[in-house]
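Peer 1:
In the UniProt record's numbering, the protein residues as written are 1 to 323.
Structure below.
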């Protein structure tokens, strides 16, 4: 049997498996459906393409549960509508003299239906996990209680792959790290490159936030990457795939399970599916693969510094995302 994917990196070919673009997935927590919304027909799914040499690597690296890429090509085509014009008035006035013209009430134009936003609201997060200890019921949070040195700080949740780093099984020229990973009793090297500015970004954010890295990858890959990436030891919590929630084929990072106030929680992730439950807590960022001129992490520093002073980050992020 093929093993579940461990991260979101490139397999042995040039095609990159990224968030929302996995072909075969197996995961922990499920809500029922196994096909992500927006996937193409069966001929473009992992089930139809499961072959011996590629299924092995396809199973390793992704954070979406299901099959098929989610791309702009999947959008339904807009049907062509032919405008309907009113026929010309050919009625002639040939009634006899003295005959009154019958009063005919004009037809009422059809009511214009109200404009409806087709975008559904974000689904509610699942019910919190509770445990009973000593006759008392309490929540089982994903994070430990806030450490004294972080009192008064907001919580910054960071994605790993394609947000802070890019990883690949294919040999990368001058990688920043090489991570050996055991897969089916064989060792494989994962080549990792850092997004420009990530060291400065992490150092600065560690001075003003409680830092959490929350990834849909498995710890056997992500833990050693973070050991090498976190030079300044600012990442206080690490969460992996088993902490994600499977919602209709997507690994969703449920911020309500962290044990932190949502008004003080921010997530930066290149995959909108990851913050499906909490879009008003998200700071979007583009997927990064190898652009040496990328400056997005550094560009975010002033904005994130300002967010530390607001009472409710959701109000600010909701308005900024709509702008």
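Here a beta-carbon is modelled for each residue, glycine too, at the ideal position from N, C-alpha and C.
Quick one: is residue 171 buried, meaning 16 or more other Cβ sit within 10 Å of its Cβ, or exposed?
Peer 2: By the 10 Å Cβ count, residue 171 comes out exposed.
Peer 1: Would a check of beta-carbon distances place residue 164 closer than 9 angstroms to chain B?
Peer 2: The question asks about chain B, but that chain is absent: this structure has only one protein chain.
Peer 1: Bridge partners of residue 245, per DSSP?
Peer 2: In the DSSP output, where bridge partners are listed per residue, residue 245 has 252.
Peer 1: Taking only three categories from DSSP, how would you classify residue 235?
Peer 2: Three-state result, residue 235: strand.
Peer 1: Could you tell me which uninterrupted beta strand (DSSP E) segments, each at least 3 residues in length, are contained entirely in the UniProt domain "FCP1 homology" (149-307), listed from first to last along the chain?
Peer 2: For the UniProt domain "FCP1 homology" (149-307), whole beta strand (DSSP E) runs of length 3 or above, ordered along the chain, are 154-158, 165-168, 177-183, 186-194, 209-214, 235-239, 245-247, 250-252, 265-269 and 282-284.
Peer 1: What are the start and end residues of the alpha helix (DSSP H) that includes residue 143?
Peer 2: No alpha helix (DSSP H) contains residue 143, which DSSP labels as neither H nor E.
Peer 1: Kindly give me the distance between the Cβ atoms of residue 157 and residue 255, rounded to whole angstroms, as I take these residues to be in contact under 8 angstroms.
Peer 2: The Cβ separation is near 7 angstroms, so the contact holds.
Peer 1: Are the stretch 145-161 and the stretch 172-188 in contact at 8 angstroms, needing three or more beta carbon pairs?
Peer 2: No: the two stretches stay apart, fewer than three of their Cβ pairs being nearer than 8 angstroms.
Peer 1: With a cut-off of 8 angstroms, do at least 3 Cβ pairs link the stretch 177-197 to the stretch 233-252?
Peer 2: No contact exists between the stretch 177-197 and the stretch 233-252.
Peer 1: Consult DSSP for residue 310 and reduce its assignment to one of helix, strand or coil.
Peer 2: In the structure shown, residue 310 sits in coil (DSSP, three-state: anything other than H, G, I, E or B).
Peer 1: Exposed or buried, what is residue 273 when buried is set at 16 or more other beta-carbons lying within 10 Å of its beta-carbon?
Peer 2: It is buried - the Cβ of residue 273 has at least 16 other Cβ atoms within 10 Å.
Peer 1: Can you tell which of 164, 180 and 311 has its C-alpha closest to the C-alpha of residue 197?
Peer 2: Answer by Cα proximity: 164.
Peer 1: With a CB to CB cut of under 6 angstroms and the five nearest residues on each side skipped, what residues in its chain are close to residue 224?
Peer 2: Once the five neighbours on either side are set aside, the close Cβ partners of residue 224 are 179.
Peer 1: Taking the CB atoms as reference points, tell me whether residue 153 and residue 210 lie closer together than 9 angstroms.
Peer 2: It is a contact, given that the beta carbons lie within the stated cut-off.
Peer 1: Which term fits residue 315, buried or exposed, when burial requires 16 or more other beta carbons within 10 angstroms of its beta carbon?
Peer 2: With fewer than 16 Cβ atoms within 10 Å of its Cβ, residue 315 is classed as exposed.
Peer 1: By how many angstroms is the C-alpha of residue 261 removed from the C-alpha of residue 311?
Peer 2: Going by the C-alpha atoms only, they are around 11 angstroms apart.
Peer 1: Would you tell me roughly how many angstroms separate the C-alpha atoms of residue 298 and residue 242, rounded to the nearest one?
Peer 2: Roughly 30 angstroms between the two C-alpha positions.
Peer 1: Between residue 148 and the rest of its own chain, which residues show a CB-CB distance below 7 angstroms, the 5 nearest in sequence each way excluded?
Peer 2: None.
Peer 1: Starting from the C-beta of residue 199, find all residues in its chain whose C-beta is less than 7 angstroms away, skip the five residues before and the five after it, and write them out in chain order.
Peer 2: Around residue 199: 231.
Peer 1: Using DSSP with H/G/I as helix, E/B as strand and the rest coil, what is residue 77?
Peer 2: Only weak support exists for where residue 77 lies, its pLDDT of 42 falling under 50; the value from the coordinates is given anyway. In this structure, residue 77 counts as coil in the three-state DSSP scheme.
Peer 1: Looking at the ligand SAM, does it come within less than 8 angstroms of residue 300, judged from the CB to the closest heavy atom?
Peer 2: In the structure shown, the ligand SAM is absent, as is every other ligand, since no ligand is present at all.
Peer 1: Distance check for residue 283 and residue 324, CA to CA, integer angstroms please.
Peer 2: Not covered by the structure: residue 324. The range shown for the chain is 1 to 323.
Peer 1: Do residue 219 and residue 161 count as a contact pair if the criterion is CB distance below 9 angstroms?
Peer 2: It is not a contact, given that the beta carbons lie outside the stated cut-off.
Peer 1: Do you know how far the Cα of residue 215 is from the Cα of residue 275?
Peer 2: Using only the alpha carbons, I get a separation of about 12 angstroms.
Peer 1: Between the alpha carbons of residue 251 and residue 240, how many angstroms are there, rounded?
Peer 2: So the alpha carbons of these two residues sit roughly 11 angstroms apart.
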